[in-house]
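Residues in the sequence shown are numbered from 747 upward in steps of one, following this note's numbering.
For every residue, glycine included, the Cβ atom is placed at its ideal position computed from N, Cα and C.
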Amino acid sequence: MKENNYYNKKVEKLYKELNTSISGLTEEEASKRLEEYGENKLAERKKKSNFIIFLNQFNDLMIILLIFASVFSAVISYIQKESYADSIIILIIVVINATLSFIEEKKADKAIEELNKMFITNNNVIRNGKKETIDVRKIVPGDIIELEAGDYVSADARIISSEALEVNESTLTGESKSIKKDNNDITEEKELYERKNMVYAGCNVTNGHAFVVVCSTAMNTELGKIGASLINNTNELTPLQKKVNQISKVLTYIIIAIIIVMMAVGLLKKNDFFDILMLSISLAVAAIPEGMSSVITIILSLGMTEMAKRNVIIRKMASVETLGSTDIICSDKTGTITENKMQVKSIYVNNKLYTEKDNIENINLYNYCLSSCQNVTKNNDKYLGDETEVAIYKYLEEKNILINIPRVKEYPFDSDRKMMSTINTIEGKEYSFTKGSLDSVLQNCSYYLEDNKLYNITTEYKEKIFKIEEEESEKSLRILALAYKTENTSDPEHNMIFIGLIGMMDPPRISVPSAINVCKNSGIKIVMITGDSINTARAIAKSVGIIDTDEGATTGKIVDKMTDDELKEAVKKYNVYARISPSTKLRIVDALQSNGYVVAMTGDGVNDAPAIQKADIGIGMGITGTEVVKKVADCILVDDSFSTIVDGVEEGRRITANIKKIILYLLAGNIVEVLLVFISMVLNMEMFTTLQLLWINLVTDSIPAIMLAFEKKTEDQMENTLANKYNESFFTPLLTAKIVIGAIIKSIVMLIIFIYFAKKADVNTAGSLLFIYLVTHELLFSFSCRNIKKSVLNKNIFSNKKLTLGVFLILLVQVIVLVTPISKYFIVPNIKINYILITIGICFIMFVLGELVKPIYTKLFKDYREVKNEKQ
747 MKENNYYNKK
757 VEKLYKELNT
767 SISGLTEEEA
777 SKRLEEYGEN
787 KLAERKKKSN
797 FIIFLNQFND
807 LMIILLIFAS
817 VFSAVISYIQ
827 KESYADSIII
837 LIIVVINATL
847 SFIEEKKADK
857 AIEELNKMFI
867 TNNNVIRNGK
877 KETIDVRKIV
887 PGDIIELEAG
897 DYVSADARII
907 SSEALEVNES
917 TLTGESKSIK
927 KDNNDITEEK
937 ELYERKNMVY
947 AGCNVTNGHA
957 FVVVCSTAMN
967 TELGKIGASL
977 INNTNELTPL
987 QKKVNQISKV
997 LTYIIIAIII
1007 VMMAVGLLKK
1017 NDFFDILMLS
1027 ISLAVAAIPE
1037 GMSSVITIIL
1047 SLGMTEMAKR
1057 NVIIRKMASV
1067 ETLGSTDIIC
1077 SDKTGTITEN
1087 KMQVKSIYVN
1097 NKLYTEKDNI
1107 ENINLYNYCL
1117 SSCQNVTKNN
1127 DKYLGDETEV
1137 AIYKYLEEKN
1147 ILINIPRVKE
1157 YPFDSDRKMM
1167 STINTIEGKE
1177 YSFTKGSLDS
1187 VLQNCSYYLE
1197 DNKLYNITTE
1207 YKEKIFKIEE
1217 EESEKSLRIL
1227 ALAYKTENTS
1237 DPEHNMIFIG
1247 LIGMMDPPRI
1257 SVPSAINVCK
1267 NSGIKIVMIT
1277 GDSINTARAI
1287 AKSVGIIDTD
1297 EGATTGKIVD
1307 KMTDDELKEA
1317 VKKYNVYARI
1327 SPSTKLRIVD
1337 ALQSNGYVVA
1347 MTGDGVNDAP
1357 AIQKADIGIG
1367 MGITGTEVVK
1377 KVADCILVDD
1387 SFSTIVDGVE
1397 EGRRITANIK
1407 KIILYLLAGN
1417 IVEVLLVFIS
1427 MVLNMEMFTT
1437 LQLLWINLVT
1447 DSIPAIMLAF
1457 EKKTEDQMEN
1467 TLANKYNESF
1477 FTPLLTAKIV
1487 IGAIIKSIVM
1497 LIIFIYFAKK
1507 ADVNTAGSLL
1517 FIYLVTHELL
1527 FSFSCRNIKK
1537 SVLNKNIFSN
1547 KKLTLGVFLI
1557 LLVQVIVLVT
1567 PISKYFIVPN
1577 IKINYILITI
1587 GICFIMFVLG
1597 ELVKPIYTKL
1607 FKDYREVKNE
1617 KQ
């Protein structure tokens, strides 16, 4: 059915529109409508075959480059009758990466399946005037459903009649507090959370009883709209994928340039065309850091393990890096910033304000009222009932003042009276006790109790009590008033005696303020998005340091009136959003992303799922999170704590910084190799053999690159500096300069060494010494890459024990290779020892000089890129 304001319509009008009545539909009419509207379940994304999904994983520039490298490497190996090891290893890397991506994409479709599980249950309906139990998937518009405590609501429906009905709408609003419902008519426009005469699919009846008429089913329900968002959301590239794509593009340009230049030089020298082509392709393959994809995969895998130790379970590997790139964390309030447990925080009685920690004497009637005006049941340490009453019950229990008072009668809470009352017998005398909103209770009180004495309520006294309520409410406390009577208890809610107030709140987690302070110092903006009221949202946000003034908060009503362009500007100034619907939450995330921010979104309910899926990194709650959220989330917090997100960001930044070091290590080495091979072609002298280059790329380079992943965080890692904008390109001016200038200088030095020893001895000896130099250089350079900006000579160079061990093992293997019969495949025999010592000595001198000039690099080149869209 089309979207309609059913809550604005009287039940009689709905009966006419839906062609139904209190007797329900006939079976015949229900069958017709089932055929017309379809089953009451959510649509699912059109599924691709597993084969197509797997093939799509190869539609990536880096993967295409690697396939290119693998194919041509195999062709060259075939022509030159050499080993296919290089080609096979590259192909294995490609298949592993494609398989991991395939698994991640398959997980995304599971979210809709979890949503549909909500529709695998039964409801009682009235058909042909009789009650019967049917599969909820057979429910159609016009059906009359009977609901009672414990039932799941299977469709959006208007309440016909109800008795003490309460519904948990956290599926749609994110707020776990049960909403009291009724069948009263509503004439003005209301937000979803204000529609007291409606119940919605996916929500849970926590108390009472009702008959409702179904207005919308399946994809036309509010839950269906969330399902549609999940289906329509497209998976955006992660920051890491964008950065790797950029590396791929740069490498592509380099490869094309290499082939063009090599072909031009070869043709000018009138070399054989086929030989030129083979050499050009060989050089292009050499330019591709084959090990980069596998090394990054290993690093991210290690990061996943490390984050798990910090209570962050990573579901999608690339999210390890994305978490470190985060600019903005959009967090739910309930359960993440707060504890999701209502607690008594203040007591006003006998003209004094107390905290929950105080032991208060001479307040028997106050305790009687609290003990009687609640319907909590306790079963094996589990508390069942309204969260406000559970908080009161726990407080009474902790203080050992819970009193079991015989109840004669109860007047349940309703939205008109805004009170509940009970009639109780205490020592043979009848009392009535009332609990409710201060407005409702105080206006029906004639007296107040103070130290067991009664006083007339004056205007001044009322003003004083309302002032106390206002002050406590500003602290995010929910205030309830208490009263009693001992006479004329048959009319319990008039001419009462005011006892006092009780204040409750869902308090912030203790660790949150310090975690938010760390985020601010790290340049990360915290945005709180909640379904709760603006006053509560502001109070909590102020108490934890998200905002300092009221101006930083707004509501869903205001946001919904904004155009997309207006919202794009508005999100720069607001940090708190209250009374937000799932669709508005999605718009906020989209607006933040359109400003260039990398956005993390937390949540636990179905209502959060579309925004979590849309965000650059979706964070689900491990304890309170629904299966739907866990399926779409990129990572899951085991303890639901906001401070754990900050731990994850810190770990993500460490990993991102280490990936940057590894890119410097791998690309700098590859460019040196490419330059030298090119120079050797121009000079018609072979500096390196294919086997030597293969050994360096797959053995000498790979292990140190992996060990660099174990570098610990730096002191300034969480500081708010431009250099810590981890969402920007890996190719900062500093990194680019170090790769390019460093490669040129190293190539010149190595060319001088080659020419010197070619004249001193011969070309083969010079090539062998160059191989020894390059291996030694790569091992020393791995230590240099531990810190891109500062010299490693100023600290314990061997503090990364895993890197030190890795280098030692490679050195050991290298010595074995050079002193055993295997050496004939790598170097010429009988090289003078002094030639080797001179070569290694020059390498160490260049290493030390490289460390000494690091401050010059840092001064001349920025470790960040200027961005067009300035982030605020």
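Asked	Found
Buried versus exposed, by CB contacts within 10 Å (16 or more), F797	exposed
Range covered by the alpha helix (DSSP H) that runs through I1280	1280-1290
Counted within 10 angstroms of its Cβ, other Cβ atoms place I972 as buried (16 or more) or exposed	buried
Residues of its chain near I1169, where Cβ-Cβ distance is below 6 Å and the 5 sequence neighbours each way are ignored	V1154, K1155, S1178, T1235
Where D1609 falls, given that 16 or more other Cβ within 10 Å makes a residue buried	buried
Residue-level contact to chain B via CB, K1055, 9 Å cutoff	The structure shown has no chain B; it contains just one protein chain.
Proximity of Y1619 and K1128 at Cβ, strictly below 9 Å	The first residue shown for the chain is 747 and the last is 1618, placing residue 1619 beyond what the model contains.
Proximity below 9 Å, CB of L986 to CB of N953	no
Beta-carbon spacing of R883, N950 below 9 Å	no
E1312 versus R1333: straight-line alpha-carbon distance, rounded	12 Å
CA nearest to the CA of A1512, picked from F1572, N751, V840	F1572
Residue nearest to V1058 in terms of C-alpha spacing, selected from I810, T845, V1395, L1228	V1395
Cα-Cα separation, P1238 to D1185	16 Å
Start and end residues, beta strand (DSSP E) containing D1132	Counting along the chain, D1132 falls outside any beta strand (DSSP E), and DSSP gives it neither H nor E.
Stretch-stretch touch, CB-based, cutoff 8 Å, three pairs: the segment 1513-1529 with the segment 1438-1448	yes
At least 3 beta-carbon pairs within less than 8 Å: the segment 1562-1580 vs the segment 1546-1553	no
Opening and closing residue of the beta strand (DSSP E) in which G1366 lies	1363-1367
Secondary structure of R1163, DSSP reduced to three states	coil
For L1564, the first and last residue of its enclosing beta strand (DSSP E)	First-last for L1564: 1547-1565, but that is the alpha helix (DSSP H), not the beta strand (DSSP E).
Contacting residues, own chain, Cβ-Cβ under 6 Å from G1366 (five flanking each side not counted)	V1375, K1376, A1379, I1382
Other residues of its chain near S1569: CB distance less than 8 Å, five sequence neighbours each side excluded	V1563, P1575
Cβ separation of L1516 and F1434, assumed to be a contact under 8 Å, to the nearest whole Å	7 Å
Buried versus exposed call for I1567 [16 or more other C-beta atoms within 10 Å across all chains shown]	It is Pro, not Ile, that sits at residue 1567 in the sequence shown. Flag for P1567 reads exposed.
Member of N1542, G1364, C1531 whose CA lies at the smallest distance from the CA of L1454	C1531
C-beta contact flag for D1252 and N1121 at 9 Å	no
Backbone CA spacing between I834 and N991 [nearest angstrom]	23 Å
Nearest-angstrom Cβ-Cβ length linking R873 and A947, presumed shorter than 8 Å	Incorrect: roughly 19 Å between the Cβ atoms, too far for contact.
Three-way DSSP call (helix, strand, coil) for V1273 in this model	strand
Per DSSP, the bridge partner or partners of N1347	The displayed chain sequence assigns Met, not Asn, to residue 1347. Looking at the DSSP assignment, M1347 forms a beta bridge with C1076, G1364.
Cβ-based burial, I1002 [other Cβ within 10 Å; buried from 16]	exposed
Of the residues A1361, L837, E782, the one placed nearest I809, counting alpha carbons only	L837
Among C1589, L1223, Y753, nearest to E934 - alpha-carbon criterion	Y753
Proximity winner among G1349, G1368, T1370, relative to K1360 (alpha-carbon distances)	G1349
Distance between beta carbons of K1181 and L1115, contact taken as under 8 Å	It is worth fixing the name first, because residue 1115 is Cys in this sequence and not Leu. Right, the Cβ-Cβ distance comes to about 7 Å (below 8 Å), so this counts as a contact.
Residue span of the alpha helix (DSSP H) that contains N1057, given as start and end	Taken as a continuous stretch (DSSP letters only), N1057 belongs to no alpha helix (DSSP H), as it is neither H nor E.
Which of helix, strand or coil DSSP assigns to A1229	strand
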